[in-house]
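Protein sequence lines, in the order shown, are assigned to chains A and B. Just so we're aligned, residue 1 is where the first sequence starts under the working numbering, counting upward by one. Just so we're aligned, residue 1 is where the second sequence starts under the working numbering, counting upward by one. Yeah, the Cβ is synthetic: ideal placement off N, Cα and C, and Gly gets one too. Everything on this sheet refers to the single structure shown next.
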Amino acid sequence: MASIVSRGFTGRRDPEAHRLPPGQYRTVGFPVLSAGHTPHVDLTNEWRFSVRNVAGQERSWDWRAFQELPQEELTRDIHCVTGWSKFDTVWRGVSVDTLLSGLELDGAWVMAGCYGGYTTNMPLADLTGGRAWVVHEFEGAPLDPAHGGPARLLVPHLYFWKSAKWVASLQLLEQDRPGFWEDNGYHMRGDPWREERYS
Amino acid sequence: MSAWRAGQIVSARRESASGRTLRIRLEEPVRARAGQRIDVRLTAEDGYQAVRPYSLSDIVGPQLLEITVEEVVDGEVSPYLVRTAQPGDRLEARGPVGEWFTWDASVAEPVQLIGGGSGVVPLMAMLRAHRRAASPAPMRLLYSVRSPAMAYYREELALAPEQLRAIVRHVYTRDAPAGYDRSVGRLTPESIAEAVLPAQEQPRVYLCGPDAFVDAVAEALLVQGHPYARIRTERFG
Chain A
1 MASIVSRGFT GRRDPEAHRL PPGQYRTVGF PVLSAGHTPH VDLTNEWRFS
51 VRNVAGQERS WDWRAFQELP QEELTRDIHC VTGWSKFDTV WRGVSVDTLL
101 SGLELDGAWV MAGCYGGYTT NMPLADLTGG RAWVVHEFEG APLDPAHGGP
151 ARLLVPHLYF WKSAKWVASL QLLEQDRPGF WEDNGYHMRG DPWREERYS
Chain B
1 MSAWRAGQIV SARRESASGR TLRIRLEEPV RARAGQRIDV RLTAEDGYQA
51 VRPYSLSDIV GPQLLEITVE EVVDGEVSPY LVRTAQPGDR LEARGPVGEW
101 FTWDASVAEP VQLIGGGSGV VPLMAMLRAH RRAASPAPMR LLYSVRSPAM
151 AYYREELALA PEQLRAIVRH VYTRDAPAGY DRSVGRLTPE SIAEAVLPAQ
201 EQPRVYLCGP DAFVDAVAEA LLVQGHPYAR IRTERFG
């Protein structure tokens with residue numbers, strides 16, 4: 001395709017452009033994008049996180065029990081479908097592998113459910129193998145509610161809407177089903193390197 | 001995902017000190033709904049490309065869309081679109097996208113639009129679509145903006161409610177025009193309650209603006225009895 005040149009546009013070259021998936025630009029801020037308002041979840045009395053398989057087997061934790069699980073600290077680049085990427089974000093939380101251990105994995109798909117009603121779906125394979133976490137600290141401080149605190153899912157190799165804020169549960173599914181944004185035109189998987197933005 | 005389409009800027013107008021509306025003609029028709037956004041891609045002479053999303057401010061026709069761009073200090077794309085680009089210049093567009101934060105004439109219920117700063121842009125597309133369709137649904141716009149100089153769509157939003165088919169209320173957070181009879185400052189639960197369609201009329205609310213603005217207004221609306229499911233929000237950080 002002959003490229004359409006925008007006359008007079010020079011742009012700003014990023015020396016680390018190789019870390020940017022196609023169509024992304026780097027931000028140093030941390031923009032917020034969500035569908036509803038920010039729910040505030042009381043840690044002592046209300047917060048609970050659970051994983052469930054298709055057969056109905058469930059494991060769940062209150063905040064204190066969750067803090068006693070093995071914690072990992074990780075540094076990752078994140079990529080939002082609206083175009084921004086943020087490099088070297090630092091998180092602390094529990095690996096999804098740890099959360100799913102002991103559960104019979106009887107479905108190949110997962111629906112994440114959240115306080116506030118948001119949902120998002122993805123293949124189980126994207127959540128396992130040390131590629132996904134439930135995180136509760138960002139850059140060394142408790143995760144701000146606007147960014148998904150008390151705890152959010154973190155799946156940094158997929159577009160950031162899959163990293164559901166205010167996550168409350170992971171439900172295994174036998175068949176893939178669209179979550180909130182997926183039902184509103186977004187891609188079922190959302191790999192930024194394949195630019196899987198919209199369905 | 002829809003493909004990139006060639007487009008050409010056919011006209012441009014200043015909206016404020018830092019905002020500008022571009023009318024873009026697309027090579028092919030698209031199906032656009034008020035509230036949606038498009039991705040704009042710019043290509044430099046050497047092939048370097050940059051992409052940014054912009055809300056539509058008007059859907060003039062299937063091949064004629066408008067965006068209003070607020071210049072971001074130290075931005076890469078917005079300074080070009082606000083200051084450099086001229087009618088005749090070319091770009092590419094993809095989309096429109098977004099199915100959630102949209103309005104069309106099939107929505108019969110009353111509509112309350114609430115915008116903070118450049119968050120008014122997708123709401124303006126809704127207001128214009130509502131006017132063009134001569135929709136009988138009651139519509140109000142509450143627009144929180146720093147000062148008259150920062151306000152978008154000044155002439156159009158000053159039209160009489162019968163012409164606009166909507167009731168518009170500006171709230172100024174820093175400087176107000178002469179003759180403004182309310183106190184200057186951010187929206188409060190009281191000023192929101194006074195300006196918006198009451199909860200018992202069951203309006204659908206579209207709320208767009210900076211994150212803290214959206215959170216504060218949504219909180220006030222919930223307290224005033226607007227159910228969570230009726231409030232649609234879009235935010236930027």
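Using the beta-carbon count (16 or more within 10 Å), is A:Q175 buried or exposed? Taking the first sequence and counting its residues from 1, the one referred to as residue 175 of chain A is at position 175. Label assigned to A:Q175: exposed.
For chain A, check one thing: does any of its Cβ atoms lie closer than 9 Å to the Cβ of B:E71? As a working note, residue 71 of chain B is residue 71 in the second sequence. Output row for B:E71: interface = no.
Any residues in the region 48-82 of chain B with a beta carbon nearer than 7 Å to a beta carbon of chain A? Which ones, in chain order? Identification of residues in the region 48-82 of chain B having a C-beta nearer than 7 Å to some C-beta of chain A yields Y48, A50, V51, R52, P53, E76 and Y80, given in sequence order.
Straight-line CA distance for B:L159 to B:L127? Position 159 of the second sequence, counted from the start, is the residue given in the question as residue 159 of chain B. Position 127 of the second sequence, counted from the start, is the residue given in the question as residue 127 of chain B. Computed Cα separation, rounded: 13 Å.
Taking the alpha-carbon positions, what's the A:V51 to A:L99 distance? Position 51 of the first sequence holds residue 51 of chain A. Position 99 of the first sequence holds residue 99 of chain A. The straight-line gap from Cα to Cα measures roughly 7 Å.
Which same chain residues end up closer than 8 Å to A:H40 when comparing Cβ atoms and leaving out the 5 residues on each side of it in sequence? Taking the first sequence and counting its residues from 1, the one referred to as residue 40 of chain A is at position 40. P145.
Within the continuous beta strand (DSSP E) that includes A:R131, where are the two ends? Here residue 131 of chain A corresponds to residue number 131 of the first sequence, with the count starting at 1. No beta strand (DSSP E) holds A:R131; DSSP gives it neither H nor E.
Could you list which residues in chain A have their beta carbon closer than 8 Å to that of B:T173, in chain order? Within the second sequence, the letter at position 173 stands for residue 173 of chain B. Chain A residues near B:T173: none, gap ~20 Å exceeds 8 Å.
According to DSSP, residues forming a beta bridge with A:L200: In the structure as shown, chain A starts at 1 and stops at 199, and residue 200 of chain A therefore has no counterpart that could be examined.
For A:T75, is the classification buried or exposed, using 16 other Cβ atoms within 10 angstroms of its Cβ as the cut-off for buried? Along the first sequence, one-based indexing puts residue 75 of chain A at 75. Under this definition A:T75 is an exposed residue.
Does the region 72-89 of chain B touch the region 151-166 of chain B, meaning 3 or more C-beta pairs lie closer than 8 Å? Per the Cβ contact rule, the region 151-166 of chain B is not in contact with the region 72-89 of chain B (fewer than 3 Cβ pairs under 8 Å).
In the region 24-84 of chain B, which residue ranges form an unbroken beta strand (DSSP E) of at least 3 residues, counting only runs that do not cross its ends? Note on the region 24-84 of chain B: whole beta strand (DSSP E) runs with a minimum of 3 residues are 37-43, 49-61 and 64-70, in chain order.
Out of A:P150, A:Y25 and A:R197, which one is the CA nearest neighbour of A:N45? Taking the first sequence and counting its residues from 1, one reaches residue 45 of chain A at position 45. For A:N45, the closest alpha carbon among the candidates A:P150, A:Y25 and A:R197 is that of A:P150.
So which residues on chain A does B:E92 lean against when the C-beta distance must stay under 8 Å? On the second sequence, residue 92 of chain B is found 92 positions in, with the first residue counted as 1. By Cβ distance, chain A contributes I4.
B:T43 at chain A interface by Cβ criterion, 9 Å: Taking the second sequence and counting its residues from 1, the one referred to as residue 43 of chain B is at position 43. Among the residues facing chain A, B:T43 is included, as its CB has a counterpart in that chain under 9 Å away.
Taking 7 Å as the limit between beta carbons, can you name the residues of its chain near A:G23, skipping five residues before and five after? Numbered from its first residue, the first sequence carries residue 23 of chain A at position 23. Taken in chain order, the residues that qualify are G83 and E195.
Comparing alpha-carbon positions, which option in A:L127, A:S60 and A:F49 lies nearest A:W166? In the first sequence, residue 166 of chain A corresponds to position 166, counting from 1. Among A:L127, A:S60 and A:F49, the Cα nearest to that of A:W166 belongs to A:F49.
At what residues does the alpha helix (DSSP H) containing A:V228 begin and finish? The first residue shown for chain A is 1 and the last is 199, placing residue 228 of chain A beyond what the model contains.
Using a 10 Å radius around the Cβ and a threshold of 16 neighbouring Cβ atoms, would you call A:A65 buried or exposed? Stepping through the first sequence from its first residue, residue 65 of chain A is reached at position 65. Label assigned to A:A65: exposed.
Residue environment, B:Q36, which counts as buried when at least 16 other CB atoms sit within 10 Å: Locating residue 36 of chain B in the second sequence gives position 36, where the first residue counts as 1. Label assigned to B:Q36: buried.
Length of the line joining the Cα atoms of A:Q171 and A:R152: Within the first sequence, the letter at position 171 stands for residue 171 of chain A. Within the first sequence, the letter at position 152 stands for residue 152 of chain A. Distance between the alpha carbons of A:Q171 and A:R152 is about 15 Å.
Which residues in chain A sit within 9 Å of B:E21, going by Cβ to Cβ distance? Here residue 21 of chain B is taken as the residue at index 21 of the second sequence, counted from 1. The sequence shown places Thr at residue 21 of chain B, rather than the Glu named in the question. Under the 9 Å cutoff, chain A gives no residues; its nearest Cβ is about 17 Å from B:T21.
Helix, strand or coil for A:Y198? Go by DSSP, reduced to three states. Along the first sequence, one-based indexing puts residue 198 of chain A at 198. The answer is strand: DSSP assigns A:Y198 an E or B state.
Among B:G7, B:S18 and B:P148, which residue has its Cα nearest to the Cα of B:T43? Position 43 of the second sequence, counted from the first residue, corresponds to residue 43 of chain B. Checking every option, the nearest Cα to that of B:T43 belongs to B:G7.
I'd like to know if A:Y159 contacts chain B, where contact means its C-beta is closer than 9 Å to some C-beta of that chain. For the purposes of this step, residue 159 of chain A is taken as the residue at position 159 of the first sequence. Closer than 9 Å: no.
How long is the line joining the alpha carbons of B:E234 and B:V60, rounded to whole angstroms? Translated into positions along the second sequence, residue 234 of chain B becomes position 234. Translated into positions along the second sequence, residue 60 of chain B becomes position 60. Their Cα atoms are separated by approximately 23 Å.
What first and last residue would you give for the alpha helix (DSSP H) that runs through B:R235? Here residue 235 of chain B is taken as the residue at index 235 of the second sequence, counted from 1. In the DSSP annotation of this structure, B:R235 is not part of any alpha helix (DSSP H); the continuous beta strand (DSSP E) holding it starts and ends at I231 to F236.
Status (buried if at least 16 other CB within 10 Å, exposed otherwise) for B:S11: Within the second sequence, numbered from 1, the residue matching residue 11 of chain B stands at position 11. Burial call: exposed.
Is it the case that the Cβ atoms of A:E58 and A:V94 are separated by a distance below 9 Å? Translated into positions along the first sequence, residue 58 of chain A becomes position 58. Translated into positions along the first sequence, residue 94 of chain A becomes position 94. No, they are not a contact pair.
Helix, strand or coil for A:F160 per DSSP? Along the first sequence, one-based indexing puts residue 160 of chain A at 160. Here A:F160 sits in helix by DSSP.
Would you mind giving the Cβ-Cβ distance between B:E99 and A:N121, rounded to the nearest angstrom? I have them listed as a contact below 8 Å. Translated into positions along the second sequence, residue 99 of chain B becomes position 99. Translated into positions along the first sequence, residue 121 of chain A becomes position 121. Not a contact, Cβ separation roughly 16 Å.
In the structure shown, what three-state DSSP assignment does A:N121 receive? The residue given as residue 121 of chain A occupies position 121 in the first sequence. Assigned with DSSP and collapsed to three states, A:N121 falls in strand.
Report the residue ranges of all beta strand (DSSP E) runs contained in full by the region 99-160 of chain B; include only those spanning at least 3 residues, in chain order. 111-116 and 139-145
Reducing DSSP to helix, strand and coil, say where B:P210 ends up. Here residue 210 of chain B is taken as the residue at index 210 of the second sequence, counted from 1. Three-state DSSP puts B:P210 in a strand.
Is B:Y172 helix, strand or coil by DSSP? Here residue 172 of chain B corresponds to residue number 172 of the second sequence, with the count starting at 1. In the structure shown, B:Y172 sits in a strand (DSSP, three-state: E or B).
List the residues of chain B whose Cβ lies closer than 7 Å to the Cβ of A:T82, in chain order. Here residue 82 of chain A is taken as the residue at index 82 of the first sequence, counted from 1. Result: P53.
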